[in-house]
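Numbering (the working numbering), first residue to last: 37 to 489. Worksheet: one structure, shown below.
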Amino acid sequence: MKPSLPKGTRDFGPNEVNKRSFIFSTIKEVFVRYGYQPIETPTMENLSTLTGKYGEEGDKLLFKVLNNGDYLAKANEEALNAKDSVKLISSISKRGLRYDLTVPFARFVVMHQNDIAFPFKRYQIQPVWRADRPQKGRYQEFYQCDVDVVGSNSLTYEAELTQIYDEVFAKLGIEVIIKINNRKILAGIAEVAGIADKMVEMTVAIDKLDKIGLDGVKKEMASRDISDASIETIIEILQIEDLAGLKDKFQSSEMGLKGIEEMEKVFTYFKPADAKNKVKFDITLARGLSYYTGCIFEVAVDTGIESQKDVVMGSIGGGGRYDDLTGIFGMKDMSGVGVSFGAARIFDVMEELNLFPQEDENSLKVLFIAFDDQSHEYAFQCLTKVRAAGINAEIYPDPVKLKKQMKYANARQVPHVILIGDSEMESGNLTLKDMKEGGQEALSLDDIITKLK
RNA sequence: GUGAUUAUAGCUCAGUUGGUUAGAGCGCUGGAUUGUGGUUCCAGAGGUCGCCGGUUCGAACCCGGUUAGUCACCCCA
Numbered sequence: 037m038k039p040s041l042p043k044g045t046r047d048f049g050p051n052e053v054n055k056r057s058f059i060f061s062t063i064k065e066v067f068v069r070y071g072y073q074p075i076e077t078p079t080m081e082n083l084s085t086l087t088g089k090y091g092e093e094g095d096k097l098l099f100k101v102l103n104n105g106d107y108l109a110k111a112n113e114e115a116l117n118a119k120d121s122v123k124l125i126s127s128i129s130k131r132g133l134r135y136d137l138t139v140p141f142a143r144f145v146v147m148h149q150n151d152i153a154f155p156f157k158r159y160q161i162q163p164v165w166r167a168d169r170p171q172k173g174r175y176q177e178f179y180q181c182d183v184d185v186v187g188s189n190s191l192t193y194e195a196e197l198t199q200i201y202d203e204v205f206a207k208l209g210i211e212v213i214i215k216i217n218n219r220k221i222l223a224g225i226a227e228v229a230g231i232a233d234k235m236v237e238m239t240v241a242i243d244k245l246d247k248i249g250l251d252g253v254k255k256e257m258a259s260r261d262i263s264d265a266s267i268e269t270i271i272e273i274l275q276i277e278d279l280a281g282l283k284d285k286f287q288s289s290e291m292g293l294k295g296i297e298e299m300e301k302v303f304t305y306f307k308p309a310d311a312k313n314k315v316k317f318d319i320t321l322a323r324g325l326s327y328y329t330g331c332i333f334e335v336a337v338d339t340g341i342e343s344q345k346d347v348v349m350g351s352i353g354g355g356g357r358y359d360d361l362t363g364i365f366g367m368k369d370m371s372g373v374g375v376s377f378g379a380a381r382i383f384d385v386m387e388e389l390n391l392f393p394q395e396d397e398n399s400l401k402v403l404f405i406a407f408d409d410q411s412h413e414y415a416f417q418c419l420t421k422v423r424a425a426g427i428n429a430e431i432y433p434d435p436v437k438l439k440k441q442m443k444y445a446n447a448r449q450v451p452h453v454i455l456i457g458d459s460e461m462e463s464g465n466l467t468l469k470d471m472k473e474g475g476q477e478a479l480s481l482d483d484i485i486t487k488l489k
């Protein structure tokens, strides 16, 4: 049979996995230093935990797991005969694959509330699954790296998460722009424009600003039944770049003023001037997710920097505050704030900018090559010693023709090979060959170990 | 869910208006070279042209259907 992969999934080779774990370990190191702890949740959740949390669209994108055993025996007969898939699901599937890390986190917090010290700071790096049509940079299986704190309203966390973004990207070597806005400011705009009930429609439109431009946003809003007068007001406010200037506009909106106050507070804890990256208030930042209620964040590659001017990539991270994260599971008044790192996109950007370290500590350092059965046995004893000395080493499994063994060494990109035949066994001096330079020298095993260490 | 596009060797892809035996590069195997790889040179293996049907004297090529991938939209990371 011809091997194939399910749509929207991919394999990761050794090289890619090594690079990805470089990103993860860099991120983790920072999370841990800021006091965040790791958790993991199961790949599968009960379908009842997942459905209804991501809107109608989201429900369609959930992967459902078929019940084990004779699942049709218990199927809802009426729905089955009517071919009503939506109605049938609950009788043939009780589990689904994780769609994001936030909802499982909320469930986790509620279930373990008695064992958790609040504020609870956690990070989580796991794959999630979405039954979306795949396209460029978009898959059905992908990793999310989430860092959240739940159980506190303090704006120090908004400041702290901004610092985490700043520090992680500085460590990875990507210069970014960290954009911050506040949902209350967006609510204020909607209020001032007299369309408080259409705030979601407005934010969805504003969110597309860099993609479709100002005129596009106007059209988008018009198509969503927002009046011309309101659009005028909204566009006018969007031109304002500083918080102070907004205050005048928001005299009639308590919500808007509250948003400004929150932003100012965050900036008293975190001074953008101290940041390694650009950090700025961006009134046009909206983010589609409707559950955000306070600050919202988004990170983009700074294409104003000469070395990064050709990078075309959407946001590589985002997040925000949600006032009632756990309410749906019966735990009220639990405010949370968190951000996410787009691992796959960060990977692509680093690849393009050549930011991964050249020296790979996980790679093979030396390969043993023997000429005959006798020297193969001898070489294996040497190999054991080299490995015991902490050097990544391997032996070609059979003493076959030199050419074949050397070709394998090339394919593995191993920097050195050790050749062992009759003369080496007699003298005790092994032939150490530098695969890059092409030269070789006769050295004792101990000298080789010292040299390769 | 809507639309576009692609499917030919292990991989990446050519293949003329429909015409005899479907090609190239890379990779693989063997040799030039029995203890030395990368660069050369020679030879070889490897194909149900996605699948089903139709048109035709004749189909990789035209038509219909189908399956799968990719890309864009909706939405999202």
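The C-beta atom is built at its ideal place from N, Cα and C for all residues, glycine as well.
Each of F303, E334, A429 was checked against the Cα of K401, and the nearest Cα belongs to A429.
Going by DSSP, D184 is part of the beta strand (DSSP E) stretching over 177-186.
The DSSP-derived three-state label of S376 is strand. DSSP places K316 within a strand segment (E or B) once states are collapsed to three. The beta-carbon separation of L403 and R448, rounded to 7 Å, stays under the 8 Å limit for a contact. Excluding the 5 residues flanking it on each side, N398 has same chain C-beta neighbours closer than 7 Å at N54, in chain order.
Counting C-beta pairs with one atom in each stretch, the stretch 143-161 and the stretch 67-79 have three or more that are closer than 8 Å, which means they touch. K172 is not a Cβ neighbour of V335, given a cutoff of 9 Å.
In the three-state scheme derived from DSSP, where H, G and I count as helix and E and B as strand, H452 is classed as strand. V139 and T85 do touch by the CB rule: their CB atoms are close to 7 Å apart, below 8 Å. Here M370 carries a coil assignment [DSSP, helix/strand/coil]. Comparing alpha-carbon positions, the option among R260, L293, I59 lying closest to L208 turns out to be I59.
By the beta-carbon neighbour count (other beta carbons within 10 angstroms, threshold 16), T239 is buried. Under the three-state reduction of DSSP output, E93 falls in the helix class. Three or more beta-carbon pairs separated by less than 8 Å link the stretch 262-269 to the stretch 226-235, which places the two stretches in contact. Within the stretch 400-459, the runs of beta strand (DSSP E) at least 3 residues long that lie entirely inside it are, in chain order, 402-406, 429-431, 452-456. For G350, no beta strand (DSSP E) run applies, since DSSP gives it neither H nor E.
Around the Cβ of T198, a 10 Å sphere holds 16 or more other Cβ atoms; the residue is buried. Going by C-alpha positions, K312 is about 44 Å away from S40. Short of 7 Å from the beta carbon of N112, and not among the five residues preceding or following it, lie these beta carbons of its own chain, in chain order: K123, L124, S127.
Counting the other CB atoms within 10 Å of its CB gives Y107 a total below 16, which places it among the exposed residues. By the Cβ neighbour-count rule, G356 is buried, with 16 or more other Cβ atoms within 10 Å of its own. By the Cβ test, the stretch 379-396 is not in contact with the stretch 411-431, since fewer than three Cβ pairs between them sit closer than 8 Å. For A406, the CB contacts under 6 Å within the same chain, skipping 5 residues up- and downstream, are H412, A415, P435, I456 in chain order. At a Cβ-Cβ threshold of 9 Å, R174 and G49 do not count as neighbours.
Around F392, the same chain offers K55, F58, M386 as residues with beta carbons nearer than 8 Å, after the five sequence neighbours per side are excluded. In terms of Cβ geometry, I225 and I270 form a close pair [threshold 9 Å].
For G132, the uninterrupted beta strand (DSSP E) segment begins and ends at 131-133. Within the stretch 209-294, the complete beta strand (DSSP E) segments of 3 residues or longer fall at 212-218, listed in chain order. Inter-segment contact for the stretch 147-156 and the stretch 181-189 is present: three or more beta-carbon pairs are separated by less than 8 Å. Under the 10 Å beta carbon count, E81 is surrounded by 16 or more other beta carbons and is classified as buried. In the structure shown, the three-state DSSP call for G356 is strand. Spatial neighbours of Y72 in its own chain (CB-CB distance under 7 Å, excluding positions within 5 residues in sequence) are listed in chain order as K157, R158, Y159, V183. DSSP places P163 inside the beta strand (DSSP E), whose first and last residues are 156-165. In the three-state scheme derived from DSSP, where H, G and I count as helix and E and B as strand, R174 is classed as strand.
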